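Participant: Can you keep this structure in mind? I'll have questions shortly.
Numbering (the working numbering), first residue to last: 9 to 424.
This is how it looks when you write it as structure tokens:
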């Protein structure tokens, strides 16, 4: 059983909600402010959702009679899940489906014990027909197909600790999904593994915590989502390192690194020295000034990202809530307790990407990249539920609190 699917509901529900209230454009045609909480229901017709499953790995094929799951949501986030079986050519068709411009549609299949999902599509009541292709891949365990092409870190020196929020983005250079035969203690297949500096204590995760497995004795984090070809794959983690006036940070790289590194440090009494990074001055993120260090690196697997920090940390009593980036500017994530005092890692990522794409609408593009990944996860969860891999009690227990949180989030977004 692919247990990782049990935990995929949380942020996917949030992202579906943000999509439905018009936060960002989407691959199936989400438009800014297209749907709001007060929007009047549009016309609905009964139509067909169809498509074909395609294996994009060289030499790969689509097995006959593959189960296909359709999940669709209305503007109030009420969802419906139905299933059919694809034919010998990978074609599938759902009949008698409500088609509305306010509804979103996702299709999922399970292949080689991994769940593959489509992009998110918007209903087209004029035609009553939605074509949704599904791409599947063969699997590879070769770490050589993975390249890290970005790393963003935020380091906050407080009291006796460095609080570090970090995100890596990975690229799969092959035509196969990267996922290994190694499993977590609860049976989930492991994909990427990110090593942390020795002495790190894993504190949490800025997105869907159940997606990850902490390997504390090895100072590492295991991801359980396959790394798909041609897509940005972000891995985020929050951890602490003991700090007494200075610390040498050495982070081993499990994959080739070819891209940009960006490290933000505060307070300004902390200084960073590195042969790999150079200071680019101070910048404002949220309401705080951060010292910024950057570098474009090309490192082989097994190399180390290294820098030294020195200087006085701010006292615990000096903490304030201004470290949090406003949800008016960044995709809000639900981070509890002390994590709320850290600049949201997704914000760092989006901000970094915006600087690198001066001629593109990067915030929308990156919002959509996150939307595309996370919305797909809810379809995978529902597909697992339909296949009987998750019992109803577990499914409902996760859903109730999330709906409440979603309502709060939608209120905040609407008032922002």
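Just so you know, even glycine gets a beta-carbon here, dropped at the ideal spot from N, CA and C. From a predicted model like this one, the values you see are computed outputs, not experimental measurements.
Does the count of Cβ pairs from the segment 246-253 and the segment 280-297 closer than 8 Å reach three?
Facilitator: no
Participant: Given that a residue counts as buried once 16 or more other Cβ atoms are within 10 Å of its Cβ, and exposed if not, what is residue 238?
Facilitator: The residue given as residue 238 occupies position 230 in the chain shown. By the 10 Å Cβ count, residue 238 comes out exposed.
Participant: How many angstroms separate the CA atom of residue 3 from the CA atom of residue 136?
Facilitator: Residue 3 falls outside the range modelled here, since the chain spans only 9 to 424, and no answer is possible.
Participant: Which same chain residues, not among the five before or five after residue 96, have their C-beta less than 6 Å away from its C-beta?
Facilitator: Numbered from its first residue, the chain shown carries residue 96 at position 88. Excluding positions up to five away in sequence, the list reads 72.
Participant: At which residues does the beta strand (DSSP E) containing residue 191 begin and terminate?
Facilitator: Numbered from its first residue, the chain shown carries residue 191 at position 183. Residue 191 -> no beta strand (DSSP E), and no H or E assigned at all.
Participant: Could you check where the beta strand (DSSP E) with residue 138 kicks off and where it finishes?
Facilitator: Position 130 of the chain shown, counting from 1, holds the residue named residue 138. Looking at the DSSP string, the run of the beta strand (DSSP E) that includes residue 138 is 137-139.
Participant: Who are the Cβ neighbours of residue 298 in its own chain at under 7 Å, not counting the five residues just before and after it?
Facilitator: Looking up residue 298 in the chain shown gives position 290. Cβ neighbours of residue 298 beyond the five flanking positions: 272, 273, 274, 290, 291.
Participant: Between 301, 303, 66, 51, which lies nearest to residue 182 when the distance is taken from Cα to Cα?
Facilitator: Here residue 182 refers to the residue found at position 174 of the chain shown. Nearest C-alpha to residue 182: 66.
Participant: If distances are taken between C-alpha atoms only, which option among 53, 54, 78 comes closest to residue 60?
Facilitator: Residue mapping note: residue 60 aligns to position 52 of the chain shown, counting from 1. Taking only the C-alpha atoms, the option nearest residue 60 is 78.
Participant: For residue 436, which option in 255, 213, 214, 178 has the closest C-alpha, if you only look at C-alpha atoms?
Facilitator: This structure cannot settle anything about residue 436, because the visible part of the chain is limited to 9 through 424.
Participant: Taking Cβ positions, are residue 277 and residue 319 nearer each other than 7 Å?
Facilitator: Start at 1 with the first residue of the chain shown, and residue 277 comes out as number 269. Start at 1 with the first residue of the chain shown, and residue 319 comes out as number 311. With contacts defined by Cβ atoms closer than 7 Å, residue 277 and residue 319 form a contacting pair.
Participant: Please look up how many angstroms separate the CB atoms of residue 159 and residue 269, rounded, as I've assumed it's under 8 Å.
Facilitator: Residue numbering aside, residue 159 sits at position 151 when the chain shown is read from its first letter. Residue numbering aside, residue 269 sits at position 261 when the chain shown is read from its first letter. Confirmed, about 5 Å.
Participant: Which residues share a DSSP beta bridge with residue 75?
Facilitator: Stepping through the chain shown from its first residue, residue 75 is reached at position 67. Residue 75 is bridged to 93.
Participant: Which two residues bound the contiguous beta strand (DSSP E) that contains residue 247?
Facilitator: Counting from one through the chain shown, the residue named residue 247 turns up at place 239. Going by DSSP, residue 247 is part of the beta strand (DSSP E) stretching over 241-250.
Participant: Let's test the definition: count the other Cβ atoms within 10 Å of the Cβ of residue 310 and tell me whether it reaches 16, buried, or not, exposed.
Facilitator: Along the chain shown, read from residue 1 onward, the residue named residue 310 stands at position 302. Residue 310 comes out exposed.
Participant: Ordered along the chain, which non-local residues of its own chain (more than five positions away) have a Cβ less than 6 Å from that of residue 179?
Facilitator: Position 171 of the chain shown holds residue 179. The residues are 155, 157.
Participant: To the nearest angstrom, how far is it from the Cα of residue 257 to the Cα of residue 100?
Facilitator: Taking the chain shown and counting its residues from 1, the one referred to as residue 257 is at position 249. Taking the chain shown and counting its residues from 1, the one referred to as residue 100 is at position 92. Roughly 52 Å between the two C-alpha positions.
Participant: Okay, do the segment 159-173 and the segment 84-93 touch, 3+ Cβ pairs below 8 Å being the bar?
Facilitator: no
Participant: Closest to residue 245 by CA distance: which of 267, 222, 57, 190 is it?
Facilitator: Within the chain shown, residue 245 is the residue found at index 237, counting from 1. The candidate whose alpha carbon is nearest that of residue 245 is 222.
Participant: DSSP puts residue 260 in a beta bridge; with which residues?
Facilitator: As a first step, residue 260 must be located in the chain shown, where it is residue number 252. DSSP, once it has assigned bridges, lists 312 as partnering residue 260.
Participant: Would you decide whether residue 340 is buried or exposed? Buried here means 16 or more other CB atoms lie within 10 Å of its CB.
Facilitator: For this step, residue 340 is matched to residue 332 along the chain shown. Caution applies to residue 340, whose pLDDT of 29 falls short of 50 and renders its modelled position unreliable; the model cannot decide the point.
Participant: So which of 214, 150, 224 has the shortest CA-CA distance to residue 432?
Facilitator: Any property of residue 432 remains undetermined from this structure, which presents the chain solely from 9 to 424.
Participant: State the Cα-Cα distance for the pair residue 117 and residue 321, rounded to the nearest angstrom.
Facilitator: Numbered from 1 along the chain shown, position 109 holds the residue referred to as residue 117. Numbered from 1 along the chain shown, position 313 holds the residue referred to as residue 321. Answer to the nearest angstrom: the Cα atoms are 50 Å apart.
Participant: Which residues in the same chain as residue 208 place their Cβ atom closer than 6 Å to its Cβ, once the five residues preceding and following it in sequence are excluded?
Facilitator: As a working note, residue 208 is residue 200 in the chain shown. Cβ neighbours of residue 208 beyond the five flanking positions: 227, 247, 249.
Participant: Do residue 221 and the ligand SAM come close, with the Cβ less than 6 Å from some heavy atom?
Facilitator: The ligand SAM is not part of this structure, which contains no ligands at all.
Participant: Tell me whether residue 243 is buried or exposed, calling it buried when 16 or more other Cβ atoms sit within 10 Å of its Cβ.
Facilitator: Residue numbering aside, residue 243 sits at position 235 when the chain shown is read from its first letter. It is buried - the Cβ of residue 243 has at least 16 other Cβ atoms within 10 Å.
Participant: Cutting at 6 Å between CB atoms, please list the residues of its own chain near residue 356, excluding the five before and the five after it.
Facilitator: One-based indexing of the chain shown puts residue 356 at position 348. Because residue 356 carries a pLDDT of 43, less than 50, the predicted location of this residue cannot be relied on, and no value is offered for it.
Participant: Alpha carbon to alpha carbon, how far is residue 184 from residue 369? Give it in angstroms, no decimals.
Facilitator: Locating residue 369 in the chain shown gives position 361, counting from the first residue. Locating residue 184 in the chain shown gives position 176, counting from the first residue. Residue placement at residue 369 is poorly supported in this model, since its pLDDT is 35, which falls under 50; the coordinates are not used for a value here.
Participant: What did DSSP end up calling residue 217 once you bin it into helix, strand or coil?
Facilitator: As a working mapping, residue 217 is identified with position 209 in the chain shown. Three-state result, residue 217: helix.
Participant: Please confirm if residue 139 has its CB atom under 7 Å from at least one CB of chain D.
Facilitator: Absent from the structure: chain D. Only one protein chain is present.
Participant: I'd like to check one pair, residue 106 with residue 52: are the Cβ atoms closer than 7 Å?
Facilitator: As a position in the chain shown, residue 52 is number 44, starting the count at 1. As a position in the chain shown, residue 106 is number 98, starting the count at 1. A contact, by the Cβ cut-off of 7 Å.
Participant: Rounded to whole angstroms, what's the CA-CA distance from residue 83 to residue 109? Just pull it up for me.
Facilitator: Taking the chain shown and counting its residues from 1, one reaches residue 83 at position 75. Taking the chain shown and counting its residues from 1, one reaches residue 109 at position 101. Computed Cα separation, rounded: 9 Å.
Participant: Please classify residue 51: does DSSP put it in a helix, a strand, or coil?
Facilitator: As a working mapping, residue 51 is identified with position 43 in the chain shown. DSSP places residue 51 in coil when its eight states are reduced to three.
Participant: Please report the straight-line C-alpha distance between residue 305 and residue 241, rounded to a whole angstrom.
Facilitator: The residue you call residue 305 lines up with position 297 of the chain shown. The residue you call residue 241 lines up with position 233 of the chain shown. Straight-line Cα distance between these residues: approximately 19 Å.
Participant: Does the Cβ-Cβ distance between residue 235 and residue 200 come in under 7 Å?
Facilitator: To locate residue 235, count along the chain shown from 1; it is residue 227. To locate residue 200, count along the chain shown from 1; it is residue 192. Cβ atoms of residue 235 and residue 200: closer than 7 Å.
Participant: Considering only the alpha carbon of each residue, which of 267, 148, 153, 218 lies closest to residue 188?
Facilitator: Numbered from 1 along the chain shown, position 180 holds the residue referred to as residue 188. The candidate whose alpha carbon is nearest that of residue 188 is 148.
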